[in-house]
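Residue numbers (the numbering used here): 47 to 128.
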């Protein structure tokens with residue numbers, strides 16, 4: 047899945063719903079990947095309205111009772127998780 051930033055200059059390629067939850071952050075202005083990341087078993091990813099952060103959630107884990115939320119900034123660094 048490709049999720050475009052509301053600002054239009056960044057995108058995230060993600061495998062939401064897949065077990066590994068891989069994500070690749072892209073800088074579309076300069077043409078290329080910025081960073082890769084993951085949120086194991088994530089099943090939802092959304093941009094915040096400012097286009098500076100991405101939130102991913104695991105609300106129905108496939109293996110075990112590990113639910114959680116992660117927030118990452120545009121370069122793909124984790125800012126917060128629970």
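We treat Cβ as the ideally placed atom computed from N, Cα and C, and that holds for glycine.
No experiment lies behind these values; they were computed from the predicted model shown.
Continuous beta strand (DSSP E) stretch holding residue i: start and end
i, result
"residue 82", "78-84"
Span separating the alpha-carbon of residue i from that of residue j
i, j, result
"residue 114", "residue 105", "7 Å"
"residue 74", "residue 56", "5 Å"
"residue 54", "residue 72", "11 Å"
"residue 82", "residue 100", "13 Å"
"residue 84", "residue 61", "9 Å"
C-beta contact flag for residue i and residue j at 8 Å
i, j, result
"residue 67", "residue 88", "yes"
Neighbourhood of residue i by C-beta distance below 7 Å, restricted to the same chain and skipping five residues each side
i, result
"residue 52", "93, 95 and 97"
"residue 48", "57 and 59"
"residue 80", "71, 72, 73, 121 and 122"
"residue 77", "none"
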